[in-house]
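Asks: Counting from 940, one number per residue, gives the positions in the sequence shown under this note's numbering.
Virtual Cβ for every residue (Gly too), placed ideally from N, Cα, C.
Source: prediction; values computed, not measured.
One structure is given below, represented as structure tokens, and several questions about it will come after.
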Amino acid sequence: MKKTFPGKLYDLIPSQQSMYMMVKFSFSKQLVQIPISITVDLDLDFDVLTKALNIEFERNDSLRLRYIKQGKSIKQYFLPSFKMSRVPMKYFRSAEQQKEYLDKDAQKPVRFDKGECYRILFYKTANAGSGIYFNVTHVSMDALGAVIFFMDLMAVYRALKAGTELPEPLYSYEEYITEELKKVSEKKKWDKHEKFYREYFEKGGEPFYAGVHGPDFLEKARIKTKNPDMRVPAAYNPIYDKCKMVNGHIGTEDAAKIFDFCKKNSIAPESLFMMGLRTHCSSINYRIDDVFFMATCSKRATVKEKRMSGCLAQPIQVRTILPESATFMEGLRQYTSVRTQVYRHTDYPYILAKDYLREMYGYKLIAGPACMMFTWIPLPVNMDLGFKFDFRFHDLGRYFTPLYTICSPDPTDGGINLNYMYRVKLSCGKQIENLHKNTMKVIMAGIDNPDITVKELLDMCN
């Protein structure tokens, strides 16, 4: 008897396929989830918040996404409706207890293939605040989609409390999926994408893996394979994927300088941070001029996309080759140019682009030149939300890249938070602390003197 579903079955779109690929080859099955908490300076009425959440299930259709396996593929469908009569609640006696409890849940897999697409918890803090913890599969939602969920939920809650009209509805993720699947079917348009990636990966020759742990891992791989010219070792191991997180913070004054500089020079903050990070990676890897990152691209360019939850983000491959004679500003311009070029080709699935690179240079499945994944989360800290909030990204415990750097404004003090989730098999906490220290050195020196050369910046990192 054929099994029926309450909604139409859809294939995964490219952004979802990228996320599913990470968990497909993972032994732990906990790589693809987003554990986030938001604490507000309000004594939330959890009964009203539960009502708001059930309204949010209607407004935000990505919360009604469910998945099934059909043969070797994953299909998805939207529940027509969904409600939670009771949401788990927790009262924390201390900040330490809160962190311990939420961090533990963050490292528990969200088994979307078993029907659990997210976990939600309401909590009270030790200092009279309230919070919402959300651990969602990355296949359903990206980090910015989770932020949109939080903000819309709070807007609905405030409307219910005040007895006013609900905020403007969110746009449909189901419609976005339908549009994306149409793009995927238009294979003729892919020729220009393939041409771009072929030229992009060929320019400059074979890339180099500039790990934050230095060149020892590469040198050992060269000896083991008897290949002294190896440039990219097999650093993506699905078995040894255990991670720890080091948290870095940039104070209010330095953060203000960063944001002012970015605004004045029309530079995205992610370009500034990647410039700082790549300079340190170069400095500890033979001062190599070729540094390769993966970075998440939110793909939220239109007003419609900015008011839509779900998973729109795709990894993009950002490669920069900077001679030591180049200036800090020239490096930033190159980052901006490269990111813009790659962004224009994000309709082409990341998985295909990755495979093209692998085939071009004969890499094994667990080899790749990207030394880290980088994400910038643009939190709405300057908006009049009616409440103050604290945003936290919790340690997954495992990840597939050697390092995952998550950067976002800190709404509590106007600073900037950096979360460095590193693979313990490859790196140690001291190396990550050095990365953060040198990244900040480079960024602040470049802001003070945009004409400072890469050579001078590299010298500073030693």
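Mapping DSSP to helix, strand and coil, what is I994?
Replies: helix
Asks: If you run the structure through DSSP and keep just helix, strand and coil, what is A1384?
Replies: DSSP, reduced to helix, strand and coil, places A1384 within a helical segment of the structure shown.
Asks: Which residue marks the beginning of the beta strand (DSSP E) containing F1330, and which one marks its end?
Replies: 1328–1332
Asks: If we call anything under 7 Å between Cβ atoms a contact, is A1085 one with I973?
Replies: yes
Asks: Can the beta-carbon of R1058 be found less than 7 Å from the beta-carbon of N1074?
Replies: yes
Asks: Within 8 Å, do at least three Cβ pairs link the region 1108–1124 to the region 1191–1206?
Replies: With the cut-off at 8 Å, the region 1191–1206 and the region 1108–1124 do not touch.
Asks: Could you tell me which residues DSSP pairs with D950 in its beta bridges?
Replies: Listed as beta-bridge partners of D950 by DSSP are K1014.
Asks: Go to M1028, then tell me how far its beta strand (DSSP E) extends in each direction, as first and last residue.
Replies: Going by DSSP, M1028 is part of the beta strand (DSSP E) stretching over 1028–1030.
Asks: Do A1174 and P1027 have their beta-carbon atoms positioned less than 7 Å apart in this structure?
Replies: no
Asks: Report the CB separation of T1314 from A1082 in whole angstroms; it is logged as a contact under 8 Å.
Replies: 6 Å
Asks: What would DSSP say about Q972, mapped onto helix, strand or coil?
Replies: strand
Asks: Does the region 1354–1363 touch the region 1240–1250, meaning 3 or more C-beta pairs lie closer than 8 Å?
Replies: no
Asks: Beta-carbon separation of I994 and F1089 under 7 Å?
Replies: no
Asks: So T1064 packs on L1216, CB below 8 Å; how close in whole Å?
Replies: Between L1216 and T1064 the Cβ distance is about 33 Å, and since that is not below 8 Å, they are no contact.
Asks: Leaving out the 5 sequence neighbours to the left and right, which residues in its chain are closer than 7 Å to P1108 when beta-carbon positions are compared?
Replies: R998
Asks: Going by DSSP, what residues sit across from G1143 in a beta bridge?
Replies: In DSSP, G1143 forms no bridge with anything.
Asks: In chain order, which beta strand (DSSP E) runs of at least 3 residues are fully inside the region 1174–1214?
Replies: 1182–1189
Asks: Around the C-beta of E1039, are 16 or more other C-beta atoms found within 10 angstroms, so that it is buried, or is it exposed?
Replies: exposed
Asks: For F1439, which residues from the same chain have a beta carbon less than 7 Å from its beta carbon, with the 5 sequence-adjacent residues on both sides left out?
Replies: Because residue 1439 is not part of the residues shown, which for the chain are 940 to 1401, the question remains open.
Asks: Check M1233 in the structure and name its three-state DSSP category.
Replies: strand
Asks: Can the beta-carbon of L1318 be found closer than 7 Å to that of S1347?
Replies: yes
Asks: Could you give the first and the last residue of the continuous alpha helix (DSSP H) run that contains C1056?
Replies: No alpha helix (DSSP H) contains C1056, which DSSP labels as neither H nor E.
Asks: Give a yes or no on contact between the region 1186–1199 and the region 1245–1262, applying the rule of three or more CB pairs nearer than 8 Å.
Replies: no
Asks: Between which two residues does the beta strand (DSSP E) holding K1400 run?
Replies: Looking at the sequence itself, residue 1400 is Cys, so the reference to Lys does not match. Looking at the DSSP string, C1400 is not in any beta strand (DSSP E); the run it does join, the alpha helix (DSSP H), is 1393–1400.
Asks: Looking only at C-alpha atoms, which of A1240, A1067, Y1072 sits nearest to T1279?
Replies: A1240
Asks: Express the C-alpha separation of G1368 and T1076 in angstroms, rounding to a whole number.
Replies: Using only the alpha carbons, I get a separation of about 27 Å.
Asks: Assuming L1105 contacts V987 (C-beta within less than 8 Å), just tell me the rounded distance between them.
Replies: Not a contact, Cβ separation roughly 13 Å.
Asks: Rounded to a whole number of angstroms, what is the C-alpha to C-alpha distance between G1301 and E1145?
Replies: 10 Å
Asks: Along the beta strand (DSSP E) that carries Y1006, what are the first and last residues, could you check?
Replies: Y1006: member of the beta strand (DSSP E) spanning 1004–1009, first to last residue.
Asks: With a floor of 4 residues, list each alpha helix (DSSP H) that falls wholly inside the region 1100–1155, ordered by position along the chain.
Replies: The qualifying runs are 1112–1124, 1129–1141.
Asks: Can you give me the start and stop residues for the beta strand (DSSP E) that I1305 sits inside?
Replies: Per DSSP, I1305 belongs to no beta strand (DSSP E) and is neither H nor E.
Asks: Since I believe P1389 is in contact with T905 (beta carbons under 8 Å), could you give me their beta-carbon distance rounded to a whole number of angstroms?
Replies: Summary: the structure shown does not reach residue 905, with the chain confined to residues 940 through 1401, and so no result is reported for it.
Asks: Give me the Cα-Cα distance between I1382 and E1269, rounded to the nearest whole angstrom.
Replies: 13 Å
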